[in-house]
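Chains as they are written, first to last, in my numbering: chain L, 2 to 215; chain A, 2 to 215; chain F, 2 to 215; chain S, 2 to 215.
The structure appears below as structure tokens.
4 protein chains.
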Amino acid sequence: MVYNGTNRKRLAENTRQKIYDSAMHLFSTKSFNKVSVDSIVEMAGVSKGSFYVHFPSKSALVNALISDQVQSADTDYTLFLESFSDDAPAEDLLLALIGKIADVVVDKIGYDKMKTVYKAQIADDVDTQTVTNYNRAIYKLFSDILERGIKRGELNSSLPLELLTRHLMMAIRGITYEWCIRSPEFNYKEEALQYFKLLIEGLRNPSLSSNRQM
Amino acid sequence: MVYNGTNRKRLAENTRQKIYDSAMHLFSTKSFNKVSVDSIVEMAGVSKGSFYVHFPSKSALVNALISDQVQSADTDYTLFLESFSDDAPAEDLLLALIGKIADVVVDKIGYDKMKTVYKAQIADDVDTQTVTNYNRAIYKLFSDILERGIKRGELNSSLPLELLTRHLMMAIRGITYEWCIRSPEFNYKEEALQYFKLLIEGLRNPSLSSNRQM
Amino acid sequence: MVYNGTNRKRLAENTRQKIYDSAMHLFSTKSFNKVSVDSIVEMAGVSKGSFYVHFPSKSALVNALISDQVQSADTDYTLFLESFSDDAPAEDLLLALIGKIADVVVDKIGYDKMKTVYKAQIADDVDTQTVTNYNRAIYKLFSDILERGIKRGELNSSLPLELLTRHLMMAIRGITYEWCIRSPEFNYKEEALQYFKLLIEGLRNPSLSSNRQM
Amino acid sequence: MVYNGTNRKRLAENTRQKIYDSAMHLFSTKSFNKVSVDSIVEMAGVSKGSFYVHFPSKSALVNALISDQVQSADTDYTLFLESFSDDAPAEDLLLALIGKIADVVVDKIGYDKMKTVYKAQIADDVDTQTVTNYNRAIYKLFSDILERGIKRGELNSSLPLELLTRHLMMAIRGITYEWCIRSPEFNYKEEALQYFKLLIEGLRNPSLSSNRQM
DNA sequence: CATGAATGAGCCTTCATTCAT
DNA sequence: TATGAATGAAGGCTCATTCAT
């Protein structure tokens with residue numbers, strides 16, 4: 002009130018950013034437990050105390066990191082799909098989206114960071130709600146494509162839309178996990194596209210067999 | 002002190018077994034990093050030194066554990082399939098196998114142990130070659146079913162048999178990973194069966210579209 | 002910016018009071034080391050910097066807190082005794098005062114705050130001169146009662162008045178310490194009254210033995 | 002079994018002792034929170050890991066320290082009293098015991114260590130059961146003296162024996178606390194003896210007034 | 001083979017205080 | 001006066017592995 006805190010705020014934001022960036026860098030290489038707060042602040046060139054001024058805990062920082070990453074990716078996907086015409090066949094959209102996801106995961110996020118997330122997710126190191134939350138934008142994207150495809154008769158399935166959506170996301174996570182444990186011999190994009198073609202076939206031709214009992 | 006080789010061997014084997022069993026028990030509840038060598042030897046009632054007599058490292062022990070578990074599971078699957086007639090439709094066999102896998106994973110191995118494996122796999126805590134190895138019996142099982150199905154025209158795919166097999170295994174791993182991060186709200190068997198019906202559809206009806214470009 | 006000394010003073014006093022009150026509240030629950038400056042300013046809704054504007058250190062604040070508490074208690078005791086007639090027997094006055102002290106300690110000050118004081122006192126966390134100072138009003142109160150009692154022959158002792166006074170205060174502190182480490186199974190008032198009856202007996206009947214050597 | 006572990010055990014005991022002694026030394030000077038595990042192991046010349054081989058925690062070590070100290074003191078008191086004839090007057094025994102306690106507390110245990118205990122006790126830093134436990138040998142000693150004194154008519158009191166015993170111990174603790182916060186101007190032995198003479202008077206002459214209400 | 005003491009690096013978090021604005 | 005970012009030392013505890021006996 003008495004003074005203009007803009008400079009102070011800038012300074013603070015700068016410090017926070019340095020910590021954030023250093024962490025991002027380190028987590029791109031090593032997993033949650035292998036990256037110490039010490040190493041983060043050292044790289045950031047700030048004091049350890051500063052870390053806890055800006056982030057309540059190491060977990061919280063990683064949360065923020067992952068959350069931002071997820072949002073950024075989802076924004077990418079959304080913008081990407083907006084460039085397509087609404088009449089585009091569902092199948093095309095699905096494959097295009099998968100391709101885009103592959104690009105983002107492989108090139109933008111990268112192997113190590115992705116692995117860190119998948120590890121953290123299963124290790125309960127941090128709260129990865131943001132990643133698995135069914136309300137993530139990406140679920141909506143898949144859901145919309147599927148819905149339109151079904152409405153237009155391009156796709157067919159006796160299963161509820163919501164279940165199909167979850168299945169597709171599960172497929173992506175499965176591919177990503179496989180990539181994480183098989184890299185570098187595993188070509189993410191190629192495998193993802195082939196795999197999804199298979200799935201799309203299944204969606205397109207709901208033979209009577211779906212009523213059979215196992 | 003008279004040396005009796007036989008007794009000694011028996012003793013050694015006994016010690017090793019106690020360690021092994023205790024570890025198995027502990028890893029069924031907690032993850033690799035949460036189970037300490039101390040806790041293992043305490044439960045086994047042997048000394049810490051003994052541990053390193055029988056296992057070169059904690060990782061090595063977990064290796065053995067996982068390897069055995071994999072072999073045991075694969076044996077289960079193999080025996081299970083042998084009870085089916087060779088003429089059984091590929092689709093039926095696939096679904097039956099998936100159901101069996103679900104049963105083994107959920108009931109025999111169990112959530113915590115499975116999670117330990119999946120975590121260890123992605124965390125590079127241990128060498129999980131045995132799990133991901135393409136020579137695992139289970140790959141052969143899937144491959145055989147697919148091969149027969151294709152030969153008999155029940156299934157169709159322009160994709161190489163080996164790729165399809167890998168895809169199915171990747172699907173299973175994806176489901177399992179999803180289970181690991183979503184339990185208990187995720188019903189493994191149900192989701193697995195529904196998901197595989199989708200995949201089988203895709204395998205059965207290779208529409209022309211599979212030649213389209215994305 | 003027009004400088005208005007009055008407003009500024011009011012503001013300052015207000016800020017100081019908020020810090021003071023919050024601290025009082027927190028120290029009523031947790032001990033010196035468990036209450037952080039952070040928690041105080043957070044509860045007070047002021048900045049950390051403000052804290053150090055009004056109090057040179059955490060210790061100084063606690064000093065003020067304790068000092069005020071002591072003064073307040075002593076005022077209570079003084080007023081309480083003023084309501085008694087001067088001719089009241091010394092024994093009655095002593096027991097009445099002890100009862101009053103028990104009430105104030107237990108009900109007005111309360112267990113946690115009292116414990117904080119006793120802890121701080123022995124831990125040298127803060128300067129607790131005000132509590133132990135022989136010039137505290139309460140010493141004078143006890144001294145007066147004793148003096149009158151001795152003068153009127155109700156009490157007898159070869160020991161100097163000043164020593165007796167110190168002994169009584171030491172007794173109270175002893176009871177309070179015992180209460181601090183035995184609560185809640187220790188009934189302060191009951192034990193205090195019984196204990197003082199014993200002491201008063203000793204004061205009343207100075208047998209020859211007081212000259213004996215141990 | 003195979004080997005004679007005597008040497009090993011000796012070595013271990015030696016290490017434990019070094020830690021124990023260093024801790025004893027440090028706690029004689031500084032309080033629980035001011036003595037770090039680091040400082041203990043440094044003085045002991047052993048590794049930090051060793052500390053936790055021999056003691057589960059810092060608290061546990063202090064527990065052991067205090068417990069030993071208490072036992073040692075109580076043994077001193079017991080042996081001391083055994084040197085007295087059973088016919089010795091209760092009053093003499095009580096004063097003799099107080100004098101002995103004063104000697105042990107002041108000369109054997111010492112101011113700083115005593116303070117550490119009293120601080121730890123009220124700060125809940127460690128479990129000081131052993132100190133306050135009503136089953137401590139010292140309670141029995143006081144109880145026996147009182148009982149005999151009452152039986153022989155030397156002492157008189159309408160209060161239960163157990164309560165009187167607790168009162169005496171509370172008195173000692175009160176004196177000790179006062180000493181802790183007033184040293185060095187407070188002469189423990191002198192004050193203790195004078196104070197107990199007062200108490201003993203109260204015990205000897207239970208005037209009718211003990212039935213009065215306050 | 002069995003034992004278990006010893007190691008020592010490593011980690012997250014807390015906190016009172018300072019000071020530029 | 002008020003602010004709040006920055007500091008950096010301190011501290012308890014875990015754990016896989018080694019090695020002399």
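Note that the Cβ used here is the ideal one computed from N, Cα and C, for glycine as well.
Check whether the Cβ atoms of residue i and residue j lie closer than 8 Å to each other.
i	j	result
Val-127 (chain L)	Val-63 (chain L)	yes
Leu-82 (chain S)	Leu-96 (chain S)	no
His-55 (chain F)	Arg-11 (chain F)	no
Ser-51 (chain L)	Val-38 (chain L)	no
Arg-149 (chain S)	Ala-91 (chain S)	yes
Ile-146 (chain A)	Asp-75 (chain A)	no
Leu-169 (chain A)	Phe-143 (chain A)	yes
Tyr-189 (chain S)	Ala-103 (chain S)	yes
Asp-45 (chain F)	Lys-19 (chain F)	According to the sequence as given, residue 45 (chain F) is Ala; it is not Asp. In contact: Ala-45 (chain F) and Lys-19 (chain F) (Cβ atoms closer than 8 Å).
Ala-124 (chain L)	Ser-32 (chain A)	yes
Thr-131 (chain S)	Gln-122 (chain S)	no
Gln-195 (chain A)	Leu-94 (chain L)	no
Leu-199 (chain S)	Leu-156 (chain F)	no
Tyr-78 (chain S)	Lys-49 (chain S)	no
Which two residues bound the contiguous alpha helix (DSSP H) that contains residue i?
i	result
Glu-191 (chain F)	189 to 205
Gly-175 (chain F)	162 to 183
Lys-31 (chain L)	From DSSP, Lys-31 (chain L) is part of no alpha helix (DSSP H); its letter is neither H nor E.
Val-107 (chain L)	Run containing Val-107 (chain L): none; DSSP gives neither H nor E here.
Asn-64 (chain S)	59 to 83
Tyr-53 (chain S)	49 to 55
Arg-149 (chain A)	138 to 152
Ser-1 (chain S)	A query on residue 1 (chain S) cannot be resolved here, the shown segment of chain S reaching from 2 to 215 and no further.
Tyr-135 (chain A)	It is not in any alpha helix (DSSP H) - Tyr-135 (chain A) carries neither H nor E in the DSSP assignment.
Val-118 (chain L)	112 to 124
Residue i and residue j look like a contact to me (Cβ under 8 Å); what is the Cβ gap, rounded to whole Å?
i	j	result
Ile-67 (chain A)	Val-118 (chain A)	6 Å
Thr-133 (chain A)	Arg-174 (chain L)	Between Arg-174 (chain L) and Thr-133 (chain A) the Cβ distance is about 17 Å, and since that is not below 8 Å, they are no contact.
Gly-203 (chain A)	Glu-202 (chain L)	3 Å
Met-171 (chain A)	Ile-176 (chain L)	7 Å
Thr-30 (chain L)	Asp-113 (chain L)	5 Å
Ile-151 (chain F)	Ser-158 (chain F)	7 Å
Counting only beta-carbon separations shorter than 8 Å, does residue i have a partner in chain F?
i	result
Met-115 (chain S)	no
Gly-203 (chain S)	yes
Ala-13 (chain S)	no
Does chain L have any CB closer than 8 Å to the CB of residue i?
i	result
Leu-199 (chain A)	yes
Ala-124 (chain A)	yes
Pro-207 (chain A)	With a pLDDT of 47 at Pro-207 (chain A), under the threshold of 50, the modelled position of that residue is not reliable, and the figure given next carries that caveat. Closer than 8 Å to some Cβ of chain L, the Cβ of Pro-207 (chain A) qualifies, so yes.
Tyr-4 (chain A)	Confidence is the limiting factor: at Tyr-4 (chain A) the pLDDT is only 47, short of 50, which leaves the residue's position unreliable, though a coordinate-based value still follows. Judged by the 8 Å Cβ criterion, Tyr-4 (chain A) is not in contact with chain L.
Any C-beta of chain A sitting closer than 8 Å to the C-beta of residue i?
i	result
Gln-195 (chain L)	yes
Ala-120 (chain L)	Residue identity check: residue 120 (chain L) is Lys in the sequence provided, not Ala. Yes, because at least one Cβ of chain A sits closer than 8 Å to the Cβ of Lys-120 (chain L).
Met-215 (chain L)	Only weak support is given to the placement of Met-215 (chain L): the predicted model assigns it a pLDDT of 37, under 50, and the value that follows is read from those uncertain coordinates. Yes, contact with chain A.
Taking a cut of 8 Å between CB atoms, which residues from the stretch 25 to 58 of chain A lie near chain L?
-> Ser-32 and Asn-34
Pull out every residue of the stretch 156 to 185 of chain F whose Cβ sits closer than 9 Å to any Cβ of chain S, in chain order.
-> Ser-158, Leu-160, Leu-164, Leu-165, Arg-167, His-168, Met-170, Met-171, Ala-172, Ile-173, Arg-174, Gly-175, Ile-176, Thr-177, Tyr-178, Glu-179, Cys-181, Ile-182 and Arg-183
Proximal residues, the stretch 133 to 144 of chain F versus chain S, C-beta separation under 9 Å = Thr-133
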